[in-house]
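Numbering (the working numbering), first residue to last: 13 to 166.
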């Protein structure tokens, strides 16, 4: 029952965002949409190549920051959980992006949804880290591009 409600909420969110970013927003020219869809899988692969080692580096640096935080005082210690939540939220976003790659090549809607969910997780991560401007810019640009090309995925 909870799964059906969760799916319903995600569908409602997707439909609402599609209304604003896909239908009401100025449309990209069809040839630009085609270019975006053609290069998207390659951009995701390049992103994954750089992101996976970066996550490993962040775990190392995060561990160091956790150990050294008490030397910086109470504010430094208070920021450690937020830092770790941000790092840990990268993992499901990267997994979703990796899962999307084969479907992006074949233009399957499930791949588009994986990218949509990864975008949502990325925005949540920015909000948790109190990066409001980054979350807003990421949402505006990411959702605009995603919903402009959604119709090309079946």
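For glycine and all other residues, C-beta sits at the position ideal for the given N, C-alpha and C.
- Comparing alpha-carbon positions, the option among 38, 119, 118 lying closest to residue 156 turns out to be 38.
- Cβ-Cβ distances below 7 Å link residue 141 to 94, 98 in the same chain, with the five nearest sequence neighbours on each side left out; the list follows chain order.
- In this structure, the straight-line span from the alpha carbon of residue 126 to that of residue 133 is close to 11 Å.
- Judged by pairs of C-beta atoms under 8 Å, the segment 158-165 touches the segment 32-52, as three or more such pairs exist.
- Fewer than three Cβ pairs drawn from the segment 68-82 and the segment 105-116 lie within less than 8 Å of each other, which leaves the two stretches out of contact.
- For residue 71, the closest of 151, 103, 49 by C-alpha to C-alpha distance is 103.
- Between residue 136 and residue 101, the gap from beta carbon to beta carbon is short of 9 Å.
- Around the CB of residue 116, 16 or more other CB atoms lie within 10 Å, so the residue is classed as buried.
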